[in-house]
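*Asks:* Shown below is the structure under consideration.
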Amino acid sequence: WLPKRKHDEL
Amino acid sequence: MNVFRLAGDISHLLAIIILLLKIWTSRSCAGISGKSQVMFAITYTARYLDLFTNFISLYNSTMKIIFLGAAYATLYLIYVRFKATYDHNHDTFRVEFLLIPTVILSVLINHDFSPLEILWTFSIYLESVAILPQLFMVSKTGEAESITSHYLFALGSYRALYIINWVYRYYAEGFYDLIAIVAGVVQTVLYCDFFYLYITKGSRANATEMSIEA
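Put into structure tokens, the structure is as follows:
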């Protein structure tokens, strides 16, 4: 329900 | 990458270096909360588990290694090397009040119910409150060495700069991550009291040491 996303931040 | 996030990462790196230098040069971790440093080590460990599975960039991987290494080096200095100078009596914040709610919240509110994602979410929630034992210790001892206040200023600035980065990314890329944003705002708000005292320190009489009212 919250979008999946690759974490590109530290 | 944008200038705000880069400035944030540099501020974060600066904070960690200031802390390591303070402990190493003064050969003492007086005034430093070991509990906060444990929380930070847990935070980076839980967040950077994707170090080997999810390559973003050389910069990203390098910074992750530096932050992990520095976090554990700081723990070593506090709990092993300069253990005798660790101020147990003032580092008394009940960290279970931080760990338990953040674990529960990360299981309830996350982007994806997978182990790595829940650990990432836990690290985001934990980081937002990890400084509380340190701020509590400073308020209990009633003062912080100036170098410790520089450390806190740099550390508080890092996530404040990340908030600007998230505003920029929303307008420039349409990217936003509500979990990181809400936790980042909470984290930055916790420093407000300290920021005010740090910035007005110059104008307050005999403010040689940073004094934070309880």
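Protein chains in written order, with the working numbering: chain H, 61 to 70; chain V, 961 to 1174. Think of the CB as a built atom: it goes at the ideal place given N, C-alpha and C, for glycine as much as any other residue.
Contact between the segment 1117-1126 of chain V and the segment 962-978 of chain V: three or more CB pairs below 8 Å?
*Replies:* With the rule of 3 Cβ pairs closer than 8 Å, the segment 1117-1126 of chain V counts as touching the segment 962-978 of chain V.
*Asks:* Please determine, among V:S988, V:V1098, V:H1110, V:R1054, the residue with the shortest C-alpha to C-alpha distance to Y1039 of chain V.
*Replies:* V:S988
*Asks:* Closest to I992 of chain V by CA distance: which of V:S971, V:L1079, V:A1044 is it?
*Replies:* Out of V:S971, V:L1079, V:A1044, V:A1044 has the C-alpha closest to the C-alpha of I992 of chain V.
*Asks:* Indicate the three-state DSSP secondary structure (helix, strand or coil) for A975 of chain V in the structure shown.
*Replies:* helix
*Asks:* What residues from chain H crowd round R965 of chain V, counting only those whose CB sits closer than 9 Å?
*Replies:* Listed along chain H, the residues sitting closer than 9 Å to R965 of chain V by beta-carbon distance are E69, L70.
*Asks:* Can you name the residues of chain H whose CB is closer than 9 Å to the CB of I1141 of chain V?
*Replies:* Near I1141 of chain V there are no residues of chain H at all, since even the closest Cβ is about 11 Å away, more than 9 Å.
*Asks:* Taking all protein chains shown into account, do 16 or more other C-beta atoms lie within 10 angstroms of the C-beta of P1093 of chain V, making it buried, or fewer, making it exposed?
*Replies:* buried
*Asks:* Could you name the residues of chain H that N1020 of chain V contacts, counting a contact when the two beta carbons are closer than 8 Å?
*Replies:* D68, L70
*Asks:* Between V:Y1085, V:S1163, V:T1160, which lies nearest to T1148 of chain V when the distance is taken from Cα to Cα?
*Replies:* For T1148 of chain V, the nearest C-alpha among the options comes from V:Y1085.
*Asks:* Under 7 Å between beta-carbons, which chain H residues line up against N1014 of chain V? List them in chain order, please.
*Replies:* K66
*Asks:* Given P63 of chain H, which residues of its chain have a CB within under 7 Å of its CB, disregarding the five upstream and five downstream residues?
*Replies:* Annotation note: pLDDT 46 at P63 of chain H (below 50); position unreliable, coordinate value reported separately. If we look at P63 of chain H and ignore the five residues flanking it on each side, it has no Cβ neighbours.
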